[in-house]
Amino acid sequence: MLMATINASIVIISLPAIFEGIGLNPLEAGNVSYLLWMLMGYMLVSAVLVVTFGRLGDMYGRVRIYNLGFVVFSVASIALSLDPFSGGPGATWLILWRLVQGVGGA
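Counting from 1, position 9 in the sequence shown corresponds to residue 9 in UniProt numbering; the numbering is continuous, with no gaps.
Now the structure itself:
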């Protein structure tokens, strides 16, 4: 839970290095959406799913749901470090895995 909370905002610090690594200027006209989704996608998915997963925890056991979320969060974190693309496809890869990470963090 601590990692999920910290991860929601820590990406702000590393955004310049992330976008430099994939060779994308997020402030160009067509690339601003990548920046916004990178910042807000994780928090959006977490906020939408936290109540649902709380109910699933009541039904199936909190420890079981917590462990499943931890596995999903960890797999997504590893996948984020393995971005094989650059430019727009690289940003899309990162955004999709950030959304999956948000599912695990919820």
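All residues carry an ideal CB built from backbone N, CA and C; glycine is no exception.
With 16 other Cβ atoms within 10 Å as the buried cut-off, status of residue i
| i | result |
| --- | --- |
| F19 | buried |
| P26 | buried |
| G87 | exposed |
| A76 | buried |
Residue span of the alpha helix (DSSP H) that contains residue i, given as start and end
| i | result |
| --- | --- |
| P84 | First-last for P84: undefined, no H or E at that position. |
| I13 | L2 to G21 |
| A47 | V32 to Y60 |
Member of the options whose CA lies at the smallest distance from the CA of residue i
| i | options | result |
| --- | --- | --- |
| N31 | V48, V103, S77 and G90 | G90 |
| V103 | R62, I78, W37 and S46 | S46 |
| I12 | F85, E28, M59 and Y42 | Y42 |
| L2 | A17, Y66 and V100 | Y66 |
Distance between beta carbons of residue j and residue i, contact taken as under 8 Å
| i | j | result |
| --- | --- | --- |
| L15 | M38 | 7 Å |
| D83 | L94 | 6 Å |
| V50 | A106 | 5 Å |
| message | Under 8 Å: do the region 8-24 and the region 62-73 share three or more Cβ pairs, one atom per stretch? | response | no
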